[in-house]
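Undergrad:
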Amino acid sequence: MLHFFWENPVYYQLNEYTSEEESFRAMAFGEGNLSAMFSMAEEKKEDPFEVIAAFMVDSEYDLTEGKRNSLSFGRWQDIKKSVNRVKPVEFTKLSRAYETLLTDLEYFPLPQGDSEASRNYGYEDSWGYERTYGGERRHEGTDIMGGGNSRGFFPVISVSDGTIEHIGWLELGGWRIGIRTPHGAYLYYAHLSSYDHEFVPGEEIKAGQLLGFMGDTGYSKVEGTTGNFAVHLHFGIYFRTDHYEELSVNPYWILKYLEDKKVKYSY
Numbered sequence: 001m002l003h004f005f006w007e008n009p010v011y012y013q014l015n016e017y018t019s020e021e022e023s024f025r026a027m028a029f030g031e032g033n034l035s036a037m038f039s040m041a042e043e044k045k046e047d048p049f050e051v052i053a054a055f056m057v058d059s060e061y062d063l064t065e066g067k068r069n070s071l072s073f074g075r076w077q078d079i080k081k082s083v084n085r086v087k088p089v090e091f092t093k094l095s096r097a098y099e100t101l102l103t104d105l106e107y108f109p110l111p112q113g114d115s116e117a118s119r120n121y122g123y124e125d126s127w128g129y130e131r132t133y134g135g136e137r138r139h140e141g142t143d144i145m146g147g148g149n150s151r152g153f154f155p156v157i158s159v160s161d162g163t164i165e166h167i168g169w170l171e172l173g174g175w176r177i178g179i180r181t182p183h184g185a186y187l188y189y190a191h192l193s194s195y196d197h198e199f200v201p202g203e204e205i206k207a208g209q210l211l212g213f214m215g216d217t218g219y220s221k222v223e224g225t226t227g228n229f230a231v232h233l234h235f236g237i238y239f240r241t242d243h244y245e246e247l248s249v250n251p252y253w254i255l256k257y258l259e260d261k262k263v264k265y266s267y
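For the sequence shown, the UniProt record's numbering gives the first residue as 1, with consecutive numbering after it.
Structure follows, in structure tokens:
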């Protein structure tokens, strides 16, 4: 057993609170790897979240270019056998954390439009960047920038089914909406210019449903304030853990995965 731990330190370091660690929260899946892991699980009839957890543990939670090990089915079988021998409870807990965060996500939050302007948006991995309004803090989401388009141009749709928990003005988020998914993730859409209709807490939402329109509201205690930054959608993903009511994770690579999953709108 000591030899195994020496040869496989990343398995040894897996613990019941791994999902609260920075390495997990970075969600560093890399380009195309989430799709590949979901496809493998479907083809081989395996639990997709065990597949994801195993490969992430094996790569020390970083599958980005140059960091990942093999994503072959044979490698998956070896990892699963090894990690279940030494850390079965911790591995199951980690797998379920990935399930909470990923299983309900169906669509990219901006629909596919039919105009050239509808394709003029962009986003980067700004996870952890410094923010200073209201005091020094870290950026806990991904900003999808409106590409110079005016407020109210881009429709914002629900990424998943869920239930509205929070709606209305927030000093940092402006006009925002917070939706709890069936498996427990909390999805946060901020800086909207307007809502599709007068939503209320407890209202059920369907994946692909129109929530409102991208804007530049927020950074003010005064409701309706605009113009303090460029038009964009701040998209955040949170989940409950043993020690945190809502802990954020990096949405960037998840959004990259969802880019191929868009609802079509005319705009």
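Note that the Cβ used here is the ideal one computed from N, Cα and C, for glycine as well. This one's a predicted model, so the numbers in the text were calculated from it and none came from an experiment.
#1: So, Thr217 versus Ser248, is the Cβ gap smaller than 8 Å?
#2: Mind checking whether Ala26 and Asn250 have CB atoms under 8 Å apart?
#3: Thinking C-beta only, is Thr142 closer than 8 Å to Tyr252?
#4: Name the one or two DSSP bridge partners that Ala28 has.
#5: Do you know whose CA, among Ala185, Phe213, Gly178, Thr226, lies nearest Val200's CA?
#6: Rounded to whole angstroms, what's the CA-CA distance from Thr18 to Val89? Just pull it up for me.
#7: Thinking C-alpha only, which one of Ile205, Phe108, His197, Leu211 is nearest Val263?
#8: Measuring alpha carbon to alpha carbon, tell me which of Ser126, Glu124, Ile144 ends up nearest Ser118.
#9: Would you tell me roughly how many angstroms separate the C-alpha atoms of His3 and Arg176, rounded to the nearest one?
#10: Would a C-beta distance cut-off of 8 Å place Val159 and Leu258 closer than the cut-off?
#11: Which residue's Cα is closest to the Cα of His166: Ser150, Ser220, Tyr186, Pro155?
#12: Measure the alpha-carbon distance for residue 269 versus Glu21 and round it to whole angstroms.
#13: Leaving out five residues before and five after Gln112 in sequence, what residues of the same chain have Cβ atoms less than 8 Å from its Cβ?
#14: What are the start and end residues of each continuous beta strand (DSSP E) run of 3 or more residues lying completely inside the region 160-245, in chain order?
#15: Going by DSSP in three states, Glu90 sits in which element: helix, strand or coil?
#16: Residues bridged to Val156 by DSSP?
#17: Would you mind working out which of Arg151, Leu233, Glu198 sits nearest Gly227, comparing C-alpha positions?
#18: Which residues bound the alpha helix (DSSP H) around Leu258?
#19: Please classify Tyr189 as buried or exposed, where buried requires at least 16 neighbouring CB atoms within 10 angstroms.
#20: Determine the contact status of Gly146 and Phe154, defining contact as a CB-CB distance below 8 Å.
#21: If you drop the 5 nearest sequence neighbours on each side, which residues of the same chain put their C-beta closer than 8 Å to that of residue 275?
#22: Which of the three DSSP states is assigned to Leu247 in this structure?
#23: Using the Cβ count rule (16 or more neighbours within 10 Å means buried), how would you classify Pro48?
#24: DSSP has Asp143 in a bridge; who is on the other side?
#25: In angstroms with no decimal places, state the Cα-to-Cα distance between Ser23 and Met37.
TA: To lay it out plainly:
#1: no
#2: yes
#3: yes
#4: Asp62
#5: Gly178
#6: 12 Å
#7: Phe108
#8: Ile144
#9: Confidence is the limiting factor: at His3 the pLDDT is only 44, short of 50, which leaves the residue's position unreliable and the question unanswerable from this model.
#10: yes
#11: Tyr186
#12: Nothing can be reported for residue 269: it is not among the residues displayed for the chain, which extend from 1 to 267.
#13: Ser118, Lys262, Val263, Lys264, Tyr265
#14: 162-170, 174-180, 186-195, 210-214, 232-239
#15: helix
#16: Gly212
#17: Arg151
#18: 252-258
#19: buried
#20: yes
#21: Outside the shown range of the chain (1 to 267) lies residue 275, about which nothing can therefore be said.
#22: strand
#23: buried
#24: His234
#25: 19 Å
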